[in-house]
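Chains as they are written, first to last, in my numbering: chain S, 179 to 326; chain Z, 231 to 424.
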């Protein structure tokens, strides 16, 4: 086995990823190889220094800034949903206009249908000839008057 | 420690998905240091690393409903997003540097070493000072090794992740991680000898 192979094992040993059955051969080699022993010591040192970066803390305000940014984003997405509602207003207006139009086509306005539907029914009860509207009777009376 | 801080990542995610900002905030506090360290290692810049942290959490927030604990744990998922964000940022830095300056000198302030209550070494100011100096020296060498080697080394030495977890973050095989870390170490030793 070459030194390069042992150094790969050293790297795994430092990372606690080396299997137990590979350790004996490595330890024997380290006792007899100065280059690999040096690689081991230097690798351990680099590991120790890199690990010290755990002490390197980000600015304590960073997490707070992230939280605020996300809170703003959440509010932003809520305000972004409002234009969606206003964009649908023309649709509601169109539906209302269609309803009025259909009402007019039927000979009655929407207002007429809504406000006078009940009273018309009441008038119909008062008219002896239930097949006619009160307005028709007035027209008939008018026509009779003119004929006389 | 607040009651929320004792909850597992999965419990926090479940509540955050129901709309609890407080639960998501705990995830932010828990993972900001790890994401910052990885981003700083890749971008070599304190200010860019802070931006990466913000962008990473925004992405996590937007895609939280896509997270599946069956496929990966939250830490692995968050660090994968952070790594991709850092690589994009690094590419953008390099483009700008090529465009305007030819080569970029990092004028960021030195990172702050703070006392970590979990570390016994941090209690000794002299040890801390010595570690700081050696870290800055090593950081100079880290800038010169490829991103993949650097990321694998950072995740191993600073976040104490297993080769398998690192392989998941980097979308490579476990044997590739072994090789990246080994070559990274070898290169750092060579650079520090010069």
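Glycine is no exception: its CB is placed at the ideal position from the N, C-alpha and C atoms.
Check	Outcome
From this set, 417(Z), 357(Z), 385(Z) and 310(Z), which residue's C-alpha is nearest residue 368(Z)'s C-alpha?	417(Z)
If you compare alpha carbons, which of 227(S), 245(S), 220(S) and 239(S) is closest to residue 286(Z)?	245(S)
Residues of chain S with a CB under 7 Å from the CB of residue 386(Z): which are they?	193
State the DSSP-derived secondary structure class of residue 179(S), mapped to helix, strand or coil.	coil
Interface residues of chain A around residue 251(S) at Cβ under 9 Å?	Judged by its chain identifiers, the structure shown contains no chain A, and its protein chains are S and Z.
Between which two residues does the alpha helix (DSSP H) carrying residue 367(Z) extend?	355-372
Distance, Cα to Cα, residue 144(S) vs residue 289(Z)?	Past the edges of chain S, shown from 179 to 326, lies residue 144(S), and the structure says nothing about it.
Of all Cβ atoms in chain Z, is any one closer than 8 Å to the Cβ of residue 206(S)?	no
Compare the C-beta of residue 203(S) against all C-beta atoms of chain Z and say whether one is closer than 8 Å.	no
Run through chain S and tell me which residues come within less than 9 Å of residue 376(Z), C-beta to C-beta.	Within 9 Å Cβ-Cβ: nothing; residue 376(Z) doesn't reach chain S, min ~16 Å.
Thinking just about the alpha-carbon of each residue, which of 415(Z), 391(Z), 405(Z) and 400(Z) is nearest to the one in residue 194(S)?	391(Z)
Any heavy atom of the ligand COA closer than 7 Å to the CB of residue 393(Z)?	You won't find the ligand COA in this model; it holds no ligand whatsoever.
How is residue 334(Z) classed by DSSP in three states: helix, strand or coil?	Residue placement at residue 334(Z) cannot be trusted, given a pLDDT of 47 that sits under 50; the coordinates are not used to answer.
Am I right that residue 228(S) and residue 383(Z) are in contact with their C-beta atoms under 8 Å? What's the rounded C-beta distance?	7 Å
By the DSSP assignment, the alpha helix (DSSP H) with residue 263(Z) in it spans what residues?	251-273
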